[in-house]
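The numbering of the sequence shown is my numbering, which starts it at 8 and goes up by one. Yeah, the Cβ is synthetic: ideal placement off N, Cα and C, and Gly gets one too.
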Amino acid sequence: MTAFRATATLRLAAEWSRSCWRNARSACSGWRLRVEASLKRLGTDYVDVYWAHLPDTITPVDEIVAAFDDPIAELRDRAPVIGIQVEYSLADRTAERELLPMAEAFGLGAALCAPLAGGLLTGKYRLSWEGCLSRWGAGVHVEDSEHTTALLDGVLGVAEESGTSAAQVSVAWLRARAARASTALIPVIGPRTTEQLGEYLAALDLVLTDEQYDRLEQAGGVALGTPHETAAAGLAAALGGDTARVRRHPVPVI
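Written out as structure tokens, the structure is:
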């Protein structure tokens, strides 16, 4: 029998931020109690990943990093930065501007939260708002633009073609996107029911055609802005007039 070990992931989370902004080193000296409490709730005795979850826009980055000094020194001899966590889905691809290229360049894994954009990419909210987390306010995705409508039309179209659901298509696109990356891109799923879990798992059997992938890629594309578009506009001249003669490195250069 094969034994599987679940990854124990702890977060230096928002509740830390609310207390740590006063004095990161002293207020966060209770990290041991928080870690031990989390491990007790999880029923385990190890930590695989320790996230700095949310910035509070008040605490300087050097103080946030300093808050890790003690647990890193005590939990293990060497604890490098190994990954980032960002929101990423067909409905929100802004991480393509800076964060995902950075992760690929430095060999960091990327945990992709909200792979279904809070349920938007299931298409269910076209029929009813029941269950929508709109009460959260900022950060909740809704169909409020021509771009989002075109994206949902595309996702539902591919779902109809493949005889699957919009949720499965959206997750299958993420898997296909991950296969094209030079580092690990791992969707973080959050099903509330066994039915929702089944939708995620069924996506493992769905393989999009190149044409379907490209169609969704175009529908969900995001403007990269400055400096990326400026550099792209001058790329041909910078590379001698013929970009086809230059072999691009598979890992982003930053």
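Kindly indicate which three-state DSSP category residue i falls into: helix, strand or coil?
{"i": "Gly247", "result": "coil"}
{"i": "Asn30", "result": "A caution first: Asn30 carries a pLDDT of 45, below 50, which makes its placement in the model too unreliable to give a value."}
{"i": "Gly241", "result": "coil"}
{"i": "Leu49", "result": "helix"}
{"i": "Val258", "result": "coil"}
{"i": "Ile71", "result": "helix"}
{"i": "Leu215", "result": "coil"}
{"i": "Leu223", "result": "helix"}
{"i": "Ala230", "result": "coil"}
{"i": "Val253", "result": "coil"}
{"i": "Val54", "result": "coil"}
Closer than 8 Å by C-beta to residue i: which residues in its own chain qualify, once you throw out the five before and the five after it? Chain order, please.
{"i": "Arg29", "result": "Low confidence applies to Arg29: its pLDDT is 43, below 50, so where it sits in the model is not reliable enough to give any reading."}
{"i": "Gly170", "result": "none"}
{"i": "His235", "result": "Arg104"}
{"i": "Arg100", "result": "Gly227, Gly228 and Val229"}
{"i": "Asp52", "result": "Leu46"}
{"i": "Glu150", "result": "Leu127, Tyr132, Arg133, Thr156 and Leu159"}
{"i": "Val93", "result": "Ala102, Leu106, Leu107, Ala117, Ala118, Leu119 and Cys120"}
Within the continuous alpha helix (DSSP H) that includes residue i, where are the two ends?
{"i": "Gly205", "result": "Thr201 to Ala209"}
{"i": "Ala185", "result": "Ala173 to Ala186"}
Looking only at its chain, what residues have a beta carbon closer than 7 Å to the beta carbon of residue i, apart from the 5 residues adjacent to it on each side?
{"i": "Val178", "result": "Pro122, Pro194, Tyr207 and Ala210"}
{"i": "Trp180", "result": "Leu97, Leu215, Tyr220 and Leu223"}
{"i": "Leu4", "result": "Lying before the first or after the last residue shown, residue 4 is absent from the chain, which here runs from 8 to 261."}
{"i": "Ala185", "result": "Leu192"}
Quick check on residue i - is its C-beta less than 7 Å from some C-beta in chain D?
{"i": "Gly241", "result": "Going by chain labels, chain D is absent from the structure shown, which holds only one protein chain."}
What residues are listed by DSSP as bridge partners for residue i?
{"i": "Gln92", "result": "Ala118"}
{"i": "Pro194", "result": "Leu119"}
Exercise. Which ranges would you report for the alpha helix (DSSP H) in the stretch 96-170 if only whole runs of at least 4 residues count?
Worked result: 106-113 and 153-169
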